[in-house]
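So the protein lines, in turn, are chains Y and P.
Position in the first sequence counted from 1, then plus 905, gives you this note's numbering.
Position in the second sequence counted from 1, then plus 905, gives you this note's numbering.
Every residue gets a Cβ at the ideal spot worked out from N, C-alpha and C, and that includes glycine.
As the structure is a computational prediction, the values presented were derived from the model and not from experiment.
See structure below.
Number of protein chains: 2
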Amino acid sequence: MTRLNETHDAARRSLVASANEPGTDFPIQNLPFGMFSTATDPTPRPGVALGDQIVDLGRLQQSGAFSGKADAAARAAAQGPGLDELMALGNGAASELRAQLSALLSEESTKAPDVMKALVPMSEARMHLPSTVRNFTDFLTSSFHFTRLRPDGQLSRTFMGLPIAYHSRASSVRLSGDVVRPHAISERDGDLGFAPSTQLDYELEVGIWVGPGNALGDPIRIEDAADRIFGFCLLNDWSVRDAQWFESQPLGPFLAKSVSTTISPWIVTEEALRPYRTAAFRRAETDLKPLPHLLDPRDQAEGGLDVELTASLLTPAMRARGLTAEPLTRTNARHLYWTFAQMLTHHSSNGCNMLSGDLLGSGTVSGPTDGSRACLAEMNGKGTATISLSNGEERVWLEDGDEVILTGRATREGHASIGFGTAAGKVQPATRY
Amino acid sequence: MTRLNETHDAARRSLVASANEPGTDFPIQNLPFGMFSTATDPTPRPGVALGDQIVDLGRLQQSGAFSGKADAAARAAAQGPGLDELMALGNGAASELRAQLSALLSEESTKAPDVMKALVPMSEARMHLPSTVRNFTDFLTSSFHFTRLRPDGQLSRTFMGLPIAYHSRASSVRLSGDVVRPHAISERDGDLGFAPSTQLDYELEVGIWVGPGNALGDPIRIEDAADRIFGFCLLNDWSVRDAQWFESQPLGPFLAKSVSTTISPWIVTEEALRPYRTAAFRRAETDLKPLPHLLDPRDQAEGGLDVELTASLLTPAMRARGLTAEPLTRTNARHLYWTFAQMLTHHSSNGCNMLSGDLLGSGTVSGPTDGSRACLAEMNGKGTATISLSNGEERVWLEDGDEVILTGRATREGHASIGFGTAAGKVQPATRY
């Protein structure tokens, strides 16, 4: 695994005690970026997650803690709205900032008093979208998800030939919160109707944050693509299956996907995830080979990402009895058939311009086993079977009051274990139309 | 035709002589809004088209020409970026501004000197996108377009049941200019390849500009939808057919549509177009009826739009011989099966939030006659036939150097004739990948 540095050193400890606790998502080896505000200062501003604290990046910068490119990067982050300007600077700048942050926040910090003054408890913060999300594109890149939902159970030439994707809705991307059950047009018993959806589903995905963009007409090459990815988050691509089955021909899903998309608030950077890179997915010998413009040796060697992903369900009955959420999906981002670099390269291969802060979704991250099916439609055979929960409840689709909670964690021998925080959404009853 | 006022009076003449010339797109009855800059002041700012001049709205406002709500609307427009803030105020505010503009720019103007100081010749201006275009959605609402491209030639239940649409790419929406021929992945002779597209097409559409948006989870009702539309423009939804045929299953077109979308720079307002409203498209008796939430008596009575639309082709050979562009498509917006209000209502019916300045495309505005086919794929039978041009040239798809020029004009007995300006794009050769 190349390009590791002292920020990845598992032995490094933080001056913030909660960041040193086993099981924290945010040890000093993580240092993800996000936007937060507080009751006393409601202006969204950049922060870095550390244990159960947020480091107010602008405040630390104003104390004179940073120098050189790191200082410029911290100032760019504080420009707002969102972290767009930091993301536009590229991963070199983010890396300089990370290196100085890692030193400043370590037990050996030379500026501990400044750091302590810049801490805000997470419990007192409200999180905001980390970028302006000018564009949101969703892919379909798990072969397991694809084949389970195909009538013939086979990969198509299109699936093997390119990372399938569709433009999705940017305006309804949200952090954790409520999702109101939508009305949907669908066929019921041969009649067309418009009523509250009865087939609400989740899709467990990885979100990809675009760093420096490209000009219209100037594609991003596969060998450059990895460096154009600023970082990653969790993403729940809420899916309204009854709407989807009816509306999708010939132009694909539309209202099935724009109800809302829930993402986790922290951008876990490309650099933080380097220890957990792995080889690209190994295609079957009989599969089509990727076209040359989507093939790069480095990307094939380390374009995969070994991150465990979980989707858990908390029902009203579980909540009432004080039970914890039940994991429905345990999967791993390494199951994706296409790499993130291939997604970005394909997306821009027609000259389409990517903007800094654009969001891509990986597509449902299903794996080969039954336990790794990453949406209900795979578990219930498109609505034909019932899913049994361990508390005796059953589900086909999501019911009102159900909460879906996504988590993610990267672990590797000899390295710290880092997490993604959560993306949680709770289904609220449909409102009267 | 309801809700007309003195701004629609065909007898009203402007103090700007070129606005009184027959054939101008921009008589005083039009008054469309746009964003422009000049060499001496490169900051984009709001303007109003009048004959061959642009009225610098901010400059006129600063002279104290407006009062009350109109003054507030002019100030909102000047806030930038784009006209988003003006559009967010709603059509009532835009109407107040239009009423005062119409008086100020008329022959009877009481502030002619201030107006003259605020004029900028169009020939000296550079136009910019009229909004930030945070989201762009494209519909498919011509039954003639739909059936010509369907293998069975029939309307589907989905087409009759809802205005079919897909999220498209916001970042690549542009005004007139060059469009670089993209590379595309496609099947050629049974092999997958990545090469410059050989099937580049245009689609002649109407663009719809969203005024006041809605909160997530709060749908726009059909009876309110017309008032949420700020205005209209021309839109060329460039389509890469070889990419489209291969990539679209199961999630719809993606790179086929994100190469670029060319729009005209002026927003012809909902109010300016009132004299040219017409009844909604008359469905065949055997068609499905629209669901109740998409039906409104006023929308059925006047939700159609009687605007003549033309797509013309200027080839390098025509250009070399000094010929004018040849009209390939002559159609009319009244051929659309769904109304604009129905499109907006459907789009938000799942709670999806629309933002002020969002752009919708109507879909290819094809009509019943051969001359009203509004894309090459309809004229060439999906690439199986040749299109003969009157100068002896032939086309199947667009060739390098071809320019596609869209124009639009609304005309009705007893009313002024108003135009849309142009949306023109010229195909540039593919760059080396």
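Chain Y contact for residue i (CB, 8 angstroms cutoff)
i: Asn1040/P; result: yes
i: Arg1224/P; result: no
i: Tyr1071/P; result: yes
i: Phe1151/P; result: yes
i: Arg1278/P; result: no
i: Tyr1242/P; result: no
i: Ser986/P; result: The sequence shown places Pro at residue 986/P, rather than the Ser named in the question. Judged by the 8 angstroms Cβ criterion, Pro986/P is not in contact with chain Y.
i: Val960/P; result: no
i: Ser1261/P; result: no
i: Ser1000/P; result: no
i: Gln1005/P; result: no
i: Gly1286/P; result: no
i: Gly1266/P; result: no
i: Leu1160/P; result: yes
i: Leu1218/P; result: no
Partners in chain P for residue i, counting only beta-carbon separations shorter than 8 angstroms
i: Val1145/Y; result: Asn1255
i: Phe1049/Y; result: The contacting residues do not exist; Phe1049/Y stays about 16 angstroms from chain P at best.
i: Ala1148/Y; result: Asn1255
i: Leu965/Y; result: Ordered by position in chain P, no residue passes the 8 angstroms Cβ test against Leu965/Y, which lies about 31 angstroms from the chain.
Same chain only: Cβ atoms within 7 angstroms of residue i, ignoring 5 sequence neighbours per side
i: Gly1319/P; result: Ala915
i: Asp1133/P; result: Per the sequence shown, the amino acid found at residue 1133/P is Arg instead of Asp. Closer than 7 angstroms at Cβ, skipping near neighbours: Val1115, Gly1116, Pro1117, Ile1125, Leu1249.
i: Leu1193/P; result: Arg1062, Met1065, Gly1066
i: Ser1081/Y; result: Thr1167, Thr1327, Ala1328, Ala1329, Gly1330
i: Leu962/Y; result: Pro951, Gly952, Val953, Ala979, Ala982, Ala983
Neighbouring residues, chain Y, relative to residue i (Cβ below 7 angstroms)
i: Asn1258/P; result: Ser1076, Ser1077
i: Val1164/P; result: Asn1255, Gly1256, Cys1257
i: Gly1306/P; result: Within chain Y, no residue comes near Gly1306/P; the closest Cβ sits about 16 angstroms away, beyond 7 angstroms.
i: Pro949/P; result: Correct list: empty, because the minimum Cβ distance to chain Y is about 18 angstroms.
i: Phe1137/P; result: By Cβ distance, chain Y contributes nothing, its closest Cβ being about 21 angstroms from Phe1137/P, past 7 angstroms.
Residue i vs residue j beta-carbon contact at 8 angstroms
i: Met1248/Y; j: Leu1264/Y; result: no
i: Asp930/P; j: Asp1043/P; result: no
i: Phe938/P; j: Val921/P; result: no
i: Thr1234/Y; j: Arg1278/Y; result: yes
i: Cys1280/P; j: Tyr1107/P; result: yes
i: Ala1148/Y; j: Asn1119/P; result: no
i: Leu936/P; j: Gly1268/P; result: no
i: Arg1039/Y; j: Arg1039/P; result: yes
i: Asp1305/Y; j: Val1270/Y; result: no
i: Leu1010/P; j: Ala979/P; result: no
i: Leu1196/P; j: Asn1296/P; result: no
i: Gln1104/P; j: Trp1243/P; result: no
Proximal chain Y residues relative to residue i, where beta-carbon distance stays under 9 angstroms
i: His1088/P; result: Pro1124, His1198, Ser1254, Asn1255, Gly1256
Cutoff 6 angstroms; reference residue i; Cβ partners in own chain excluding five residues on either side
i: Asp1211/Y; result: Tyr1181, Thr1183, Arg1239
i: Phe1325/Y; result: Leu1139, Ser1169, Val1173, Gly1313
i: Ala1321/P; result: Ala915, Pro932, Gln934
i: Ala981/P; result: Glu990, Leu991, Leu994
Contact with chain P by residue i, beta-carbon distance below 8 angstroms
i: Met906/Y; result: Residue placement at Met906/Y is flagged as unreliable, the pLDDT there being 42, under the threshold of 50; the coordinate-derived value follows with that caveat. No, because no Cβ of chain P sits closer than 8 angstroms to the Cβ of Met906/Y.
i: Ala1246/Y; result: no
i: Ser1081/Y; result: no
i: Ser1011/Y; result: no
i: Ser1061/Y; result: yes
i: Gly1066/Y; result: yes
i: Pro1035/Y; result: no
i: Pro1056/Y; result: no
i: Gln934/Y; result: no
Neighbourhood of residue i by C-beta distance below 8 angstroms, restricted to the same chain and skipping five residues each side
i: Ser1014/P; result: Leu920, Ala1008, Val1020
i: Arg1226/Y; result: Asn1296
Partners in chain Y for residue i, counting only beta-carbon separations shorter than 8 angstroms
i: Val1301/P; result: Simply none; closest approach about 20 angstroms.
i: Leu955/P; result: Near Leu955/P there are no residues of chain Y at all, since even the closest Cβ is about 31 angstroms away, more than 8 angstroms.
Interface partners of residue i on chain P, CB under 7 angstroms
i: Val1085/Y; result: Gly1122, Gly1256
i: Leu1140/Y; result: Going along chain P, no residue has its Cβ under 7 angstroms from Leu1140/Y, so there is no contact; the nearest lies around 16 angstroms.
i: Pro1334/Y; result: Residues of chain P passing the Cβ test: none, with the nearest at roughly 11 angstroms.
Listed in chain order, which residues of the segment 1094-1114 of chain P have Cβ atoms closer than 7 angstroms to some Cβ of chain Y?
Leu1097, Phe1099
Residues in the segment 912-931 of chain P with C-beta within 9 angstroms of chain Y's C-beta atoms, listed in sequence order?
none
Below 7 angstroms between beta carbons is the criterion; list the residues of the segment 1179-1210 of chain P that meet it against any residue of chain Y, in chain order.
Leu1193, Leu1196, His1198
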